[in-house]
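Q: Chains A and B, in that order, are what the protein sequence lines are. Just so we're aligned: 119 in my numbering is position 119 of the first sequence, and the numbers increase by one with no gaps anywhere. Basically my numbering = 1-based index in the second sequence + 537. Dropping a structure here in structure tokens format, bear with me for questions.
Number of protein chains: 2
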Amino acid sequence: MSERKLSHWGWGWADKFPSTDARKQLGTQLGAMLGIAPSGPTDPVALDDVSLHDARVSAPDSVPCVTDDREERIRHTYGRAFGDVVRGFAGDFAAAPDLVAHPTTEEEVGHVLDWAQGAKVAVVPYGGGTSVVRGVECALPEGFAGTLSLDLRRLDRVLEVEPTSRTARIQAGASGPRLEEQLKEHGMTLRCFPQSFEHSTLGGWIATRAGGHFATNYTHIDDLTASIRALTPAGVKEGQVWQSRRLPGSGAGPSPDRMMLGSEGTLGVITEAWMRVRPRPRFRASASVKFADYSKAVDACRAVAQSGLFPSNCRLLDAREAKLNMVATDGSSVLVLAFESADHPLEAWMERALELARDHGGVAGEPTYSDSGSKTGESGAAGSWKNAFIEMPYLQNVMVSLGVIADTFETAIPWDRFEELHSALVTNVRGAMKEVCGSPCHLSCRFTHVYPDGPAPYYTFIAKARPGAELEQWAAIKKAASDTLIAHGATITHHHAVGRTHAPWYREQRPTEMGNALRALKGALDPEGILNPGALI
Amino acid sequence: MSERKLSHWGWGWADKFPSTDARKQLGTQLGAMLGIAPSGPTDPVALDDVSLHDARVSAPDSVPCVTDDREERIRHTYGRAFGDVVRGFAGDFAAAPDLVAHPTTEEEVGHVLDWAQGAKVAVVPYGGGTSVVRGVECALPEGFAGTLSLDLRRLDRVLEVEPTSRTARIQAGASGPRLEEQLKEHGMTLRCFPQSFEHSTLGGWIATRAGGHFATNYTHIDDLTASIRALTPAGVKEGQVWQSRRLPGSGAGPSPDRMMLGSEGTLGVITEAWMRVRPRPRFRASASVKFADYSKAVDACRAVAQSGLFPSNCRLLDAREAKLNMVATDGSSVLVLAFESADHPLEAWMERALELARDHGGVAGEPTYSDSGSKTGESGAAGSWKNAFIEMPYLQNVMVSLGVIADTFETAIPWDRFEELHSALVTNVRGAMKEVCGSPCHLSCRFTHVYPDGPAPYYTFIAKARPGAELEQWAAIKKAASDTLIAHGATITHHHAVGRTHAPWYREQRPTEMGNALRALKGALDPEGILNPGALI
């Protein structure tokens, strides 16, 4: 049996890219639904036909886990942003690293960093390669001899599970499915399901501050992290490992873990972490509520977010998003509510949440309750939603082959500023799409997370591409979105990270002195500046 | 009417120090309860009789908010640790600052920092002066011309309240009562009640990562902070203010707020913050549960902490603590449970929590439920508990005058390690007390906060002092406690901060490279190293 292969240019497994006929049919559906006429479908440049520059440095004998294999280099060139898929589809791998390392131990990671510092080789920590912000793409920076992609996926084990404290020590290269299958043996789950879950890794989630599965309360990877272990270039030289204590809480100085969380591979290579896990849920409740008026739906969502009920799901889909997802086709906005618990039935929680929704004009469907008893695993509805959510990124592969721009952007904003921001985004992003792509085009919004002080809105945009101009058109739309976010006090990213894509806006967003602070931190931990140059800092 | 004065040597208001007779009586009660025979009572050295060194630098004309007034200098010498009270009582103010500043605007804070950098004067940001870890005490560091205490209490206003997003912009020098009285006008509350609430300030809470009122879920000042504004010495030179965006969440790089949270006045002077506030609670539920077996009580407490019910109170008092607080005198441990909500009745929550407690052998009293309707303010029981809690530190003043050592230390530890840690602490701390103070002595424990992965235990120790040897005896006991915490993987502090007291153990606790990281951060933000030298870094 041959090993299942990942696509070398697009999202996920290669065998999931549909046939020409199937893509043609999807194009027809798209046209009917959104009025956007597809072109093509065209086919990607085959792996064998990709032309690749020669490696500028050679694999060192002292570090046998390093290779300059052509296919490895191609496969480690990009993340999976829209622009990455477009370039990969077109066979453009100009940013390919010279070398790829596959360490199987933390010691080998140290050897790679040690060698790279001496050889002045830029090192890009690589987890699932699912960045949508050009977080792992590293063209040769000035003053460097070459670039190396440090693939951590062979460090994929759950090393310890501590059931009393519900914590597990997990290697950074474990993908979502790998860590969940190992935790399952202990009746535990991390319950962190970013959309990239199938391929992204724990270390990547920590480095990019991944958003979690739940819409409220402890859900971000930040909240689930009890301690982090990392190798820094300075530490490797001095025989030190960055290792914080496994603690439920601590007031001892600024949190060391919060320095690594969001560091995007620029300060150290995360090798493992103690994570807060939990038993699989037993009780579930779910319901959806329709609203004729979006602004009342937002108020209802806010009321639930501020109630202290902490639903696991509290996702508001605007009318376009509801239609796109075939949740409502009558122009309603839909609030999807869910609760889950391993401990107690959820009627009191759901009933109060529905009461709040009705108070704001919502029309609630009958809630469903389930008790899986001793059985574990997702129940029907939740399971199929999760599967559809996980499958979503595959559609982008198809869109690119159909000459369609399809992407998302996300943010967070206080409730009092949401309406103004939303209206400005609709004006500016639709305006940019019409200008560079023409009509019709699509922009829709859902909330992925809600907090007492504000929502995290997530936007999907779809427009017709002009062959050869996709990247330029996309950049104009993205600029309109990003400029609007920054002008309205929002964050340039809620859970997609900064990478190279968001760097210009991130520099406007952070306190000016925060740039100096980060450079100083980097100077202390990575004095040669070899780690992921060009990202974040 | 003359202004009410704070004690110049001990906790809180001067007029609350009991008369000699009253103290004698309290000493008799203490003897009867714990068998610890008090001495004295003695009286503190009067303010007028304190001898003070001359100021080594003089107040600059360019910064009129600075004074070298003798009384001001005495009053800004110490925090309120046991050793501070002992030294203050004895009239020893050797660590007094040369100058005290009382800025009334952020601009004046900038002027002070600007002048101090040029004059090589160490600046100690000062809020309520309630540090119990020698966080505001600053003897003249080598290479400095003098020291200045930067008192921020005149920056005490709530500047804006945003009801939709439930956030408020508050100046850093506002004490607990000051900010609550201003928020109350808007029907809001921060609900952050550290034991120092009456005198400590928002800026101090942020700088020291104060623990909040609730035993579970969003409770720490870290969680309540939406954005921070600070002046750094480097920023003052460059005309920059450290200002993060008010956001409900953000995944853009490492959190700038988390760099300031816990920085203990070493990186910048916090001038204001946007805080997450909430309406005053309407529904309350409370109950207490007795356990004959402490280890079963711990299991019950853990079950509640891991249930996802998020009680506002989940404080386990061991038998000695329960007796000391007169909650139970029959040798039981007592779990105090409470829920509160502004949104919904709490029967379902409390019933399930009591079920969990009973499953672990607890004997639960009848829960009480209340609905204050439109009325606000604390209900009877919660209110009187809060008042007693807030009054507690006054007892230390009395203890010092009675020749008794009385202090607390606190930590956090995963559940799986608690029992071993607790047993080691009992052995080592009681051992140290017996060795240096003789029998009888007292050590008791309660949980102040509980997390799914572990508790935050808080210990009270009381022993007989030998006149003139109090500080030395205390240091031996504290060393036994701190060594044990570090050896058993716990944190040196959960919410009291590091200061100068915990610095040696903190250096063992943090990742070695974290020291380099913090020094680098300080180099970038405070290049002359004027801010609170000797604390934390």
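Every residue, glycine too, gets a C-beta built ideally from N, C-alpha and C.
For residue 924 of chain B, count the other beta carbons within 10 Å of its own beta carbon; 16 or more makes it buried, fewer makes it exposed. Which is it?
A: Residue 924 of chain B comes out exposed.
Q: So, under 8 Å CB-CB, residue 101 of chain A and residue 138 of chain A are touching, yes? Tell me the CB distance rounded to an integer number of Å.
A: Contact doesn't hold; Cβ gap of about 14 Å is too wide.
Q: If you follow the alpha helix (DSSP H) that residue 33 of chain A is in, where does it begin and where does it stop?
A: Per DSSP, residue 33 of chain A belongs to the alpha helix (DSSP H) from 20-34.
Q: Alpha carbon to alpha carbon, how far is residue 622 of chain B from residue 615 of chain B?
A: Their backbone Cα atoms lie some 8 Å apart in a straight line.
Q: Using a C-beta to C-beta distance shorter than 7 Å, which residues of chain B count as neighbours of residue 506 of chain A?
A: Neighbours of residue 506 of chain A on chain B, chain order: 789 and 790.
Q: Show which residues of chain B have a CB atom less than 7 Å away from the CB atom of residue 542 of chain A.
A: Residue 542 of chain A lies beyond the stretch modelled for chain A, which goes from 1 to 537, so this question has no answer here.
Q: Would you list the residues sitting across from residue 451 of chain A in a DSSP beta bridge?
A: Paired residue(s): A:454.
Q: Determine, using beta carbons only, whether residue 825 of chain B and residue 871 of chain B come nearer to each other than 8 Å.
A: Yes, Cβ-Cβ distance for residue 825 of chain B and residue 871 of chain B is below 8 Å.
Q: Show which residues of chain B have a CB atom less than 7 Å away from the CB atom of residue 562 of chain A.
A: There is simply no residue 562 of chain A to check, as chain A begins at 1 and stops at 537 in what is shown.
Q: Identify which residue in B:1013, B:798, B:717 and B:981 has its Cα closest to the Cα of residue 868 of chain B.
A: When only C-alpha atoms are compared, the closest one is B:981.
Q: What's the C-alpha gap between residue 467 of chain A and residue 403 of chain A?
A: Roughly 7 Å between the two C-alpha positions.
Q: Could you tell me whether any Cβ in chain A is nearer than 8 Å to the Cβ of residue 796 of chain B?
A: Cβ-Cβ to chain A under 8 Å: yes for residue 796 of chain B.
Q: Residue 268 of chain A: which of A:461, A:152, A:317 and A:191 sits nearest, CA to CA?
A: When only C-alpha atoms are compared, the closest one is A:152.
Q: Would you mind reading off the limits of the alpha helix (DSSP H) that contains residue 5 of chain A?
A: Element bounds for residue 5 of chain A: n/a, residue is neither H nor E.
Q: Using a Cβ-Cβ distance under 8 Å, would residue 988 of chain B count as near chain A?
A: Residue 988 of chain B counts as touching chain A.
Q: Tell me whether residue 1041 of chain B sits in a helix, a strand or coil according to DSSP, three-state version.
A: It is helical.
Q: Thinking C-beta only, is residue 188 of chain A closer than 8 Å to residue 168 of chain A?
A: In contact: residue 168 of chain A and residue 188 of chain A (Cβ atoms closer than 8 Å).
Q: Say whether the stretch 768-787 of chain B touches the stretch 233-243 of chain A, bearing in mind that this needs 3 or more beta-carbon pairs closer than 8 Å, one atom from each stretch.
A: Contact fails: fewer than three Cβ-Cβ distances are below 8 Å.
Q: In angstroms with no decimal places, state the Cα-to-Cα distance between residue 557 of chain B and residue 957 of chain B.
A: Distance between the alpha carbons of residue 557 of chain B and residue 957 of chain B: 43 Å.
Q: Helix or strand or just coil, what does DSSP make of residue 619 of chain B?
A: In this structure, residue 619 of chain B counts as helix in the three-state DSSP scheme.
Q: For residue 786 of chain B, return the contacting residues in chain A, with the cut-off set at a CB-CB distance below 7 Å.
A: The answer, in chain order, is 412, 449, 451, 456 and 494.
Q: Between the stretch 343-355 of chain A and chain B, which residues of the former have CB atoms less than 7 Å from a CB of the latter, in chain order?
A: For the stretch 343-355 of chain A, which is checked against every Cβ of chain B, the residues closer than 7 Å are 343, 344, 348 and 352.
Q: Is there a Cβ from chain A that is less than 8 Å from the Cβ of residue 1069 of chain B?
A: So, not an interface residue.
Q: Is it true that the CB of residue 728 of chain B sits closer than 8 Å to the CB of residue 750 of chain B?
A: It is a contact, given that the beta carbons lie within the stated cut-off.
Q: Taking 8 Å as the threshold (beta carbon to beta carbon), is residue 416 of chain A in contact with chain B?
A: Closer than 8 Å: yes.
Q: Check whether the Cβ of residue 404 of chain A sits closer than 7 Å to any heavy atom of the ligand ZN, and report yes or no.
A: For the ligand ZN, the structure offers nothing, since it holds no ligand at all.
Q: Less than 8 Å between the C-beta atoms of residue 618 of chain B and residue 670 of chain B, yes or no?
A: Yes. Within cutoff.
Q: So the candidates are B:966, B:691 and B:897; which of them puts its Cα closest to the Cα of residue 644 of chain B?
A: Residue B:691 is the option with its Cα nearest to residue 644 of chain B.
Q: Identify every residue that forms a DSSP beta bridge with residue 442 of chain A.
A: Paired residue(s): A:462.
Q: Kindly give me the distance between the Cβ atoms of residue 1014 of chain B and residue 969 of chain B, rounded to whole angstroms, as I take these residues to be in contact under 8 Å.
A: So it is a contact: roughly 5 Å between Cβ atoms.
Q: Which one of A:254, A:255 and A:328 has the shortest CA to CA distance from residue 290 of chain A?
A: Taking only the C-alpha atoms, the option nearest residue 290 of chain A is A:328.
Q: When you compare only the Cα positions, how much space is there between residue 199 of chain A and residue 813 of chain B?
A: Distance between the alpha carbons of residue 199 of chain A and residue 813 of chain B: 36 Å.
Q: Does DSSP put residue 1087 of chain B in a helix, in a strand, or in coil?
A: Since the first residue of chain B shown is 538 and the last is 1074, residue 1087 of chain B is not available in this structure.
Q: Going by DSSP in three states, residue 146 of chain A sits in which element: helix, strand or coil?
A: Here residue 146 of chain A sits in strand by DSSP.
Q: Applying a beta-carbon distance threshold of less than 8 Å, which residues of chain B neighbour residue 516 of chain A?
A: Correct list: 771, 1061 and 1062.
Q: Express the C-alpha separation of residue 741 of chain B and residue 529 of chain A in angstroms, rounding to a whole number.
A: Taking the straight line joining both Cα atoms gives about 35 Å.
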